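For reference, the structure is listed below as structure tokens.
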Amino acid sequence: MAPKDVCVVGAGVAGIAALKECLRQGFKPVCYELDSDIGGIWRKKDYTQPHNTPAAYNNLVMNTSKFNSSYSDFPPLLQDTPYHSTEVRDTLHILKLVLAYV
């Protein structure tokens, strides 16, 4: 049986994962992306077009763990960015001090 064609709309984080899984399953995926590059909201870019709504920017700090925000078969390295940002770490430390006091 010939491989089935699959259309993936968008080459953001989910679209890239869908393309990978389609290839792994033996499908023939084709991806359509509105932007000029892949990555979706995780690609840092300037706001230049009405449809171009960047979400990644300089000094962006995520509020989720790097382990929860990665592909399961492409885990982050332990030496990559800290598990918690320094602000979160400091806030948690202050919270522990307050809880110990009360």
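What the sequence shown shows, in UniProt numbering, is residues 1 to 102, in sequence order. Even for Gly, the Cβ is constructed at its ideal location relative to N, Cα and C. Note that the structure is predicted; figures quoted are calculated from it, not measured.
Inter-residue CB distance, residue i and residue j (contact presumed, cutoff 8 Å)
{"i": "residue 11", "j": "residue 31", "result": "5 Å"}
Residue interval of the beta strand (DSSP E) (run including residue i)
{"i": "residue 28", "result": "28-32"}
Span of the alpha helix (DSSP H), counted from its first residue to its last, around residue i
{"i": "residue 13", "result": "13-24"}
Same chain, Cβ closer than 8 Å to residue i, five either side skipped, listed in chain order
{"i": "residue 4", "result": "27 and 28"}
Three-state class that DSSP yields for residue i in the structure shown
{"i": "residue 5", "result": "strand"}
Residue environment, residue i, which counts as buried when at least 16 other CB atoms sit within 10 Å
{"i": "residue 100", "result": "exposed"}
{"i": "residue 8", "result": "buried"}
{"i": "residue 14", "result": "exposed"}
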